[in-house]
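Chemist: Got a structure here, written out as structure tokens. Questions coming.
In the working numbering, the protein residues as written are 5 to 174.
If you want it as structure tokens, here you go:
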């Protein structure tokens, strides 16, 4: 189970780094306002983030395959299922970000993103689950055996409580 929120953290040592990051984000925001479509800067970062995050769960594709799929080209080599899942990840991320203009980040946002993520993926990747619903079985990341897992989320019976605590914290 995760620790209670809010966390007891002393982040004072990050003050200089946070100030510098804030300055750079302000500059990027200013540059973005001069562009006719600021998402020209953001989309490549979303592609990289989708590829990296998906690879942590054993889902691999290439930038070429992802962009070709999203452009409507017929699927080619590699794993079409993995490419579909990474494409879904990008779509889920974009929809979640867009929803923040209407509602705050919430469990509802996460469930909608989960539903998009699992749309049309192979059974072994989660299509047999109920997209948008909380898990019913324990899962883990980083190994084939739970004892060797890199990350183990809360058990199914505790998932809603943990997510509701996160939602309140946010």
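Glycine included, each C-beta is placed from N, C-alpha and C at the ideal position. Please read all numbers here as calculations on a predicted model, not as lab measurements.
(1) Smallest Cα separation from residue 51: which of 64, 41 and 39?
(2) For a quick check, are the C-beta atoms of residue 49 and residue 67 less than 8 Å apart?
(3) Using only the heavy atoms of the ligand GTP, determine whether one of them is closer than 7 Å to the beta carbon of residue 155.
(4) Are the region 146-162 and the region 91-98 touching, with three or more C-beta to C-beta distances below 8 Å?
(5) In whole angstroms, what is the alpha-carbon distance linking residue 99 and residue 53?
(6) Can you list, in chain order, the residues of its chain whose CB lies under 6 Å from that of residue 115, leaving out five sequence neighbours each side?
(7) Where does residue 144 fall in DSSP's three states?
(8) Going straight from the alpha carbon of residue 22 to that of residue 32, what length do you get?
(9) Which whole-angstrom value is the C-beta distance of residue 87 and residue 73, which I expect to be below 8 Å?
(10) What's the call for residue 125, buried or exposed, on a 16-neighbour Cβ count within 10 Å?
(11) Verify whether the separation of the beta carbon atoms of residue 5 and residue 162 is less than 8 Å.
(12) Less than 8 Å between the beta carbons of residue 58 and residue 90, yes or no?
Modeler: With the structure as the only source:
(1) In the chain shown, counting from the first residue as 1, residue 51 sits at position 47. Minimum Cα distance to residue 51 is reached at 64.
(2) Taking the chain shown and counting its residues from 1, one reaches residue 49 at position 45. Taking the chain shown and counting its residues from 1, one reaches residue 67 at position 63. Cβ distance not < 8 Å, so residue 49 and residue 67 don't count as in contact.
(3) You won't find the ligand GTP in this model; it holds no ligand whatsoever.
(4) no
(5) By 1-based counting over the chain shown, the position of residue 99 is 95. By 1-based counting over the chain shown, the position of residue 53 is 49. C-alpha separation (whole angstroms): 15 Å.
(6) In the chain shown, residue 115 corresponds to position 111, counting from 1. For residue 115, where only same-chain residues beyond five positions count, the Cβ hits under 6 Å are 136.
(7) Locating residue 144 in the chain shown gives position 140, where the first residue counts as 1. Residue state, collapsed to three classes: coil.
(8) Position 18 of the chain shown, counted from the first residue, corresponds to residue 22. Position 28 of the chain shown, counted from the first residue, corresponds to residue 32. Using only the alpha carbons, I get a separation of about 15 Å.
(9) One-based indexing of the chain shown puts residue 87 at position 83. One-based indexing of the chain shown puts residue 73 at position 69. Confirmed, about 5 Å.
(10) Locating residue 125 in the chain shown gives position 121, where the first residue counts as 1. Burial call: buried.
(11) As a first step, residue 5 is located in the chain shown; it is residue number 1 there, counting from the start. As a first step, residue 162 is located in the chain shown; it is residue number 158 there, counting from the start. Yes, they are a contact pair.
(12) Looking up residue 58 in the chain shown gives position 54. Looking up residue 90 in the chain shown gives position 86. It is a contact, given that the beta carbons lie within the stated cut-off.
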